[in-house]
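K.L.:
Numbering (our numbering), first residue to last: 1 to 253.
Got a structure here, written out as structure tokens. Questions coming.
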Amino acid sequence: MDRATGPQQIKVVTRILRANDQVANENRQRFAEAGVYVIDLIGSPGAGKTALLEATISRLAPEISAAVIVGDIATTSDAQRIAPLGVPVVQIITESFGGACHLEAHAVKEALNQLDLEALDLLFIENVGNLVCPAEFDLGQHARIPLLSLAEGEDKPIKYPLAFRTADLVILTKMDLCPHLPIDLDVLRKNLWQVNPHVGCIETSAQTGAGLEKWLDWIGRTLSRSQDQAATPSPTKGTTPVVAQHQEGSHSH
Ligand SMILES: Nc1nc2c(ncn2[C@@H]2O[C@H](COP(=O)(O)OP(=O)(O)O)[C@@H](O)[C@H]2O)c(=O)[nH]1
Ligand SMILES: [Mg+2]
Numbered sequence: 001m002d003r004a005t006g007p008q009q010i011k012v013v014t015r016i017l018r019a020n021d022q023v024a025n026e027n028r029q030r031f032a033e034a035g036v037y038v039i040d041l042i043g044s045p046g047a048g049k050t051a052l053l054e055a056t057i058s059r060l061a062p063e064i065s066a067a068v069i070v071g072d073i074a075t076t077s078d079a080q081r082i083a084p085l086g087v088p089v090v091q092i093i094t095e096s097f098g099g100a101c102h103l104e105a106h107a108v109k110e111a112l113n114q115l116d117l118e119a120l121d122l123l124f125i126e127n128v129g130n131l132v133c134p135a136e137f138d139l140g141q142h143a144r145i146p147l148l149s150l151a152e153g154e155d156k157p158i159k160y161p162l163a164f165r166t167a168d169l170v171i172l173t174k175m176d177l178c179p180h181l182p183i184d185l186d187v188l189r190k191n192l193w194q195v196n197p198h199v200g201c202i203e204t205s206a207q208t209g210a211g212l213e214k215w216l217d218w219i220g221r222t223l224s225r226s227q228d229q230a231a232t233p234s235p236t237k238g239t240t241p242v243v244a245q246h247q248e249g250s251h252s253h
């Protein structure tokens, strides 16, 4: 038995994460220089990430210039859904980057070359459908937002704690299905706030439009706060992630 196998494997993983963090910092720097706020949406396959993006982009205030990077293992189907909305969209097919189940910072860095960052206020990244690995890889984003659809069950925040512990905001999706599902929303919220006590939670339905006003408000407030911070001279000008505070109205106890 090769006793060195274990430690060697750990070293490899550490190296990958460190290399990822370096590129993530470069991305963060580029975002700061361009003055673009970046939101990474993560969630299981089918959680409703693309549907939320479609509903969001079609309702965004006209003065907000947005673009989307979509990550998938295969196909450009999500990009094809977003493109008709008239925003720039770049599809990353992760198979060709060797990291199939999540996006890594270097793939995002390459995708940035396809965008005119200076012309943007807001960049959405739709991560690959997965509630585990995307939470481990910094992309240089300002906010990471997990989406959880009601049909996934109320235990997911405690079963996938990293995704929810590191969340800046959580979006519950498919609220229109609530009457048809045996789900206890109080238990779901309790589980969420057990792993991340102060995180905001917005309940939405891309189908009916419920909750989208709150989400668009969150985006508007977060963008202005970020722009104010960038305008304030400080050693960390424009590079400090804006962390969503527990906002009145976004947290439905
Ligand atoms: N009932 C309902 N279905 C939804 C909602 N949002 C998305 N869906 C459906 O859920 C499926 C997966 O949505 P999609 O946006 O592709 O999820 P993604 O894989 O996370 O990007 C599709 O069939 C959508 O039509 C919603 O708010 N309500
Ligand atoms: Mg999608």
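Virtual Cβ for every residue (Gly too), placed ideally from N, Cα, C.
(1) Tell me whether Ala-206 counts as near ligand 1, meaning its Cβ is closer than 6 angstroms to at least one heavy atom of that ligand.
(2) Taking Leu-53 as part of the beta strand (DSSP E), name the residues at either end of that continuous run.
(3) Could you tell me whether the region 121 to 138 touches the region 160 to 176, where touching means 3 or more Cβ pairs closer than 8 angstroms?
(4) Let's test the definition: count the other Cβ atoms within 10 Å of the Cβ of Pro-157 and tell me whether it reaches 16, buried, or not, exposed.
(5) Using only Cβ atoms and a threshold of 5 angstroms, which residues come within that distance of a heavy atom of ligand 2? Order them by chain position.
(6) In terms of alpha-carbon separation, which member of Arg-221, Cys-201, Glu-213, Ala-230 lies closest to Ser-58?
(7) Would a C-beta distance cut-off of 7 angstroms place Ile-183 and Ile-145 closer than the cut-off?
(8) For the beta strand (DSSP E) that contains Asp-186, what are its first and last residues?
(9) Which term fits Gly-86, buried or exposed, when burial requires 16 or more other beta carbons within 10 angstroms of its beta carbon?
(10) Is Gly-46 near ligand 1, in the sense that its beta carbon is under 6 angstroms from a heavy atom of that ligand?
P.N.:
Considering the structure as presented:
(1) Counted from its first residue, the sequence shown places residue 206 at position 206. Correct: Ala-206 has its Cβ closer than 6 angstroms to ligand 1.
(2) By 1-based counting over the sequence shown, the position of residue 53 is 53. Per DSSP, Leu-53 belongs to no beta strand (DSSP E); it is in the alpha helix (DSSP H), 49 to 57.
(3) yes
(4) Counting from one through the sequence shown, the residue named residue 157 turns up at place 157. Pro-157 comes out buried.
(5) Lys-49, Thr-50, Asp-78
(6) Along the sequence shown, read from residue 1 onward, the residue named residue 58 stands at position 58. Per the Cα distances, Glu-213.
(7) Numbered from 1 along the sequence shown, position 183 holds the residue referred to as residue 183. Numbered from 1 along the sequence shown, position 145 holds the residue referred to as residue 145. Their beta carbons are not under 7 angstroms apart, which means Ile-183 does not touch Ile-145 by this criterion.
(8) Numbered from its first residue, the sequence shown carries residue 186 at position 186. Careful: Asp-186 lies outside any beta strand (DSSP E), inside the alpha helix (DSSP H) at 185 to 195.
(9) Within the sequence shown, the letter at position 86 stands for residue 86. Exposed is the call here.
(10) As a working mapping, residue 46 is identified with position 46 in the sequence shown. For ligand 1, at least one heavy atom lies less than 6 angstroms from the Cβ of Gly-46.
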